[in-house]
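Engineer: The C-terminal position of the sequence shown is numbered 179 in the numbering used here, with every residue numbered one higher than the one before it. Beta carbons: idealized from backbone N, C-alpha and C, even for Gly. One structure follows; several queries about it will come next.
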Amino acid sequence: NAAAAVSGLRQLGVSRISLLTGDRRSVGEKIAAGLGVDDIHAELLPQQKVMDLARILQNSPEYGRTAFVGDGVNDAPALARADIGIAMGAAGAAAAIEAADVILMTDNPESLLTAVRISRRTQRIIWQNIILALGVKALVMLLGVFGLANMWEAVFADVGVTLLAVGNSLRALNTRGL
């Protein structure tokens, strides 16, 4: 499923995908050709993965944040160094799971697409809640300055908006359509 995952990441706006592997260059190039990645770094030891990742991170202002996906002990240092370390958890090594920021509980690379969609949806909901809370509080405060707000509006601006934000946040639980 790795080729479908790479294709899906591109559709989600990921502009550059690199393959960092400890495998032989010939094996890595064959895999990279089937996946459609932008570049390959092969025959890497764990510390070399970190060094290559550091070079990629230096170019990251051009591309944005850098995520590293891995599952083995050899990936743990790079997982810790990346902007976002993602461990494939079902068969992943304990060291990789400990070093990662995100743990996918399946070994299906396409689950990464679902994780990206969920995180983007969650971020939208968070911004909606922030704008709602600050907007209502600012409005009630402005009304209060002019003597047009009473205690009940202030209570709503505090407790009511919190309940609305919690209700809005519950939408994040519906992930069937992702």
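Which class does Leu20 belong to by DSSP, given the choice of helix, strand or coil?
Structural biologist: Looking at Leu20 - three-state DSSP - the assignment turns out to be strand.
Engineer: Which one or two residues does DSSP pair with Ala88 in a beta bridge?
Structural biologist: Ala88 is bridged to Gly71, Ile104.
Engineer: Can you check DSSP and say which residues form a bridge with Asp40?
Structural biologist: DSSP output for Asp40 lists Ser19 as bridge partner(s).
Engineer: Distance, Cα to Cα, Gly136 vs Ser19?
Structural biologist: Between Gly136 and Ser19, the C-alpha separation is close to 42 Å.
Engineer: Is the region 100 to 116 in contact with the region 148 to 167, if contact means three or more CB pairs nearer than 8 Å?
Structural biologist: As far as the Cβ criterion goes, the region 100 to 116 does not touch the region 148 to 167, which means the pair count is below three.
Engineer: If you draw a straight line from the alpha carbon of Gly23 to that of Ser112, how long is it in whole angstroms?
Structural biologist: Each residue's Cα considered, the two are about 23 Å apart.
Engineer: Quick check: what's the CA-CA separation for Leu140 versus Ala88?
Structural biologist: Whole-angstrom Cα-Cα distance: 44 Å.
Engineer: Report the three-state DSSP secondary structure of Arg172 (helix, strand or coil).
Structural biologist: Arg172 falls in the helix class under three-state DSSP.
Engineer: If you measure between the beta carbons of Ala97 and Asp76, is that distance less than 7 Å?
Structural biologist: Yes; because the gap between Cβ atoms is below 7 Å, this pair is in contact.
Engineer: How would you write the range of the alpha helix (DSSP H) that Arg121 sits in, first residue to last?
Structural biologist: It spans 112 to 146 - the alpha helix (DSSP H) in which Arg121 sits, taken as one unbroken run.
Engineer: From Pro62 to Gly145, what does the alpha carbon distance come to, in whole angstroms?
Structural biologist: Taking the straight line joining both Cα atoms gives about 45 Å.
Engineer: On the three-state DSSP scale, how would you describe Arg66?
Structural biologist: Coil.
Engineer: Of the choices Asn130, Val70, Thr67, whose alpha-carbon is the least far from that of Pro159?
Structural biologist: Note that residue 159 is Asp in the sequence shown, not Pro. Answer by Cα proximity: Asn130.
Engineer: Cα separation between Leu54 and Arg82?
Structural biologist: Spanning the two alpha carbons is a distance of roughly 8 Å.
Engineer: Which stretch, first to last residue, makes up the alpha helix (DSSP H) that contains Gly9?
Structural biologist: Residues 3 to 12.
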